[in-house]
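Accompanying notes for the structure given below.
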Amino acid sequence: MENENKNVVMFPKWKSRLERIGLEALKEKRYQDAVDSLLPLIEYGVASEDVVTGLLMSWIETGELDRAEELCQQKMKESLDEQYYHYLHMYITILFQRNRYQEIVDLLEEVFESEDIPHQSRTQLWQMFEVSRKLLEGHQQEQGEKWKVNFFEALDKNDSPGQWRALDTLKEQSAERFLEDFKGLLVDSSIHPIIKTAIIQWFRDSEVNNPITVSKFGQTFELVPSELNQFQSDYMIKQIQLRLGDMEQSNPSMYDMVNQLLYRYCFVRYPIFPQEEEVPVIVEALKQLGHEYLQLPYRFDEAVDGVEKYKQEIELCEQHYTLLVGES
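The numbers in numbering that gives the first Met the number 0 rise by one with no breaks, and the one at position 259 of the sequence shown is 258.
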C-alpha cells in the first residue's frame, strides 16, 4: 500500500486526534468509523503499530479482506522479529476467514522449517496450523466425495469428457481412499482408454503400492502404480525422439507437431510403451504424417513394413485425445 500523501505533512495534533478517535471507535466496535480515522494515518505514513493493527482488525470486521491482506503482506515484508510474527498471525487470520486452508498449511510448513520462531508465537501458529489442516482435510474429503459422485454420474451417462473433468479434479487428492471405487474400472472394457490412463496416473502419483490389474488394447496385465515412470522418460520414447532429431533441426514446426502426435499416442496407450521392434515403424509413421499434414513432399522408406497401421492408430489416438482432453 503506497503512501498517497508522501509530500504532504500531517500536523501532530491532527495525527493524535485521528489516532485517538480511531482507536476509540475500534474499542466500541464501530469498525467503519475506525477505518475512516485510521486509514489517513496509513496514507500519510505516520501510523503506529497500534494504528496498523487497528485498521487491519477493522477491515477484517467490515469484510475488506483484500485491503487487509495487501496491508498485512506489506507489513510482513517490512517487519522484524516479534512484529513479523504479529502480522503473520493476522495474515493467517485473514486467510482463515477466506477458507484458504491450503495456503495456511503450506505457509506454516515453510515457516516451521526455515525460521527460528519465538516459543509463544510457535505455540499460537501451531494451533492455527492444526486447525487449518483438519479443516482442509474435511474440505478435501467433502470435495472428493462430490467429484467421485460426479464421475460415476458421468459414467452412467457414458459421458467421457465429464469423467475426465471429474478425474482432473480428483487427482489433486490422494487416490488411496478411492482405490476400491476405481480400480475395478481398469479391467472394464467399456471404459475409455484415456480415462484408464488418467486413473493409472492418479494411482501412480499417489504412490499406490498395491498391485492392480489393467486391461487395455487387448492386453491384460498386473502392475504396481508407484513403480511406473512418467512416459516422457521412457527409454523407447526417447529413442523415437532421437530418431526424429534431424527433423527438429530442419523443420522445427513439423517436429513439434509430430512430437505432440507421439505424446498423445503414448498417453492414450499408457502404460503400454512401444517395443524396440516398433520404434522404426512409429518413426516412419510420424514422418509420413508430418509431411502429409504440412503438404510437403516425402520419400517413403519402403523397407519399413506396417506403417499404415501405425499411422491409423496414431491419428485415432490424436482424435480421441482432442475430443476428450482438448488441445492443451
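In this text, a Cβ means the ideal position worked out from N, Cα and C, and glycines have one as well.
As the structure is a computational prediction, the values presented were derived from the model and not from experiment.
Quick one: Cα of His88 to Cα of Leu38, how far? Looking at the two C-alpha atoms, the distance is approximately 21 Å.
Host alpha helix (DSSP H) of Lys133 (start-end): Looking at the DSSP string, the run of the alpha helix (DSSP H) that includes Lys133 is 118-155.
How would you label Gly289, buried or exposed, when you count the other beta carbons within 10 angstroms and need 16 or more for buried? With 16 or more other Cβ atoms from the protein chains shown falling within 10 Å of its own Cβ, Gly289 counts as buried.
Only counting runs of 3 or more residues, tell me where the beta strand (DSSP E) segments fall wholly within the region 160-202, in order along the chain. Given a length threshold of 3 residues, the region 160-202 has no whole run of the beta strand (DSSP E) inside it.
Could you check which residue in Lys147, Lys308, Ser57 has the C-alpha nearest to that of Gln172? Sorting Lys147, Lys308, Ser57 by C-alpha distance to the C-alpha of Gln172 places Lys147 at the top.
Element boundaries [beta strand (DSSP E), containing Glu221]: It spans 218-222 - the beta strand (DSSP E) in which Glu221 sits, taken as one unbroken run.
For the putative contact between Pro224 and Ile199, defined by C-beta atoms under 8 Å, what is the C-beta separation to the nearest angstrom? About 6 Å separates the beta carbons of Pro224 and Ile199, which is inside the 8 Å limit, making them a contact pair.
contact_flag[the region 153-167, the region 124-133] where n(CB pairs < 8 Å) is 3 or more: In short, these stretches do not touch, since the Cβ pair count stays below three.
Quick one: Cα of Glu314 to Cα of Met253, how far? Approximately 15 Å, taken between the alpha carbons.
For the structure I just gave you, are there three or more beta carbon pairs, one from the region 231-249 and one from the region 165-184, closer than 8 Å? Segments in contact, no.
Mapping DSSP to helix, strand and coil, what is Glu1? Unreliable placement is indicated for Glu1, whose pLDDT of 46 sits below 50; no coordinate value is reported for it.
Let me know the secondary structure DSSP gives Val303 once reduced to three states. Of the three classes helix, strand and coil, the one that applies to Val303 here is coil, per DSSP.
Leu292 vs Met246 beta-carbon contact at 9 Å: As written in the sequence, residue 292 is Tyr, which differs from the Leu given in the question. No, these two residues do not count as a Cβ contact at 9 Å.
Have a look at Leu134 and Ile59 and give me their C-alpha separation to the nearest angstrom. In this structure, the straight-line span from the alpha carbon of Leu134 to that of Ile59 is close to 20 Å.
Just how far apart, CA to CA, sit Gln101 and Val130? Going by the C-alpha atoms only, they are around 11 Å apart.
Neighbourhood of Lys14 by C-beta, 7 Å cutoff - its chain only, sequence neighbours within 5 removed: Within the same chain, Lys14 has close Cβ partners Leu40, Val45.
Using the rule of at least 16 other Cβ atoms within 10 Å of the residue's Cβ for burial, across every protein chain shown, is Lys156 buried or exposed? Burial check for Lys156: the Cβ neighbour count within 10 Å stays below 16, so the residue is exposed.
Once DSSP output is grouped into helix, strand and coil, what is the label at Gln274? Three-state DSSP puts Gln274 in coil, outside helix and strand.
Would you mind sorting Arg268 into buried or exposed? The rule is 16 or more other CB atoms within 10 Å of its CB. Arg268 counts as buried, since at least 16 other C-beta atoms from the protein chains shown sit within 10 angstroms of its C-beta.
Taking C-beta to C-beta, are Ala33 and Gly53 nearer than 9 Å? Yes.
Please name the residue or residues paired with Lys215 in a DSSP beta bridge. Partner(s): Gln218.
Look at Ile103 and Phe128 and say whether their C-beta atoms are less than 9 Å apart. Cβ distance < 9 Å, so Ile103 and Phe128 count as in contact.
Closest residue to Glu317 among Arg176, Phe266, Ala302, Glu307 (Cα-Cα distance): Comparing Cα-Cα distances from Glu317 to each of Arg176, Phe266, Ala302, Glu307, the minimum goes to Phe266.
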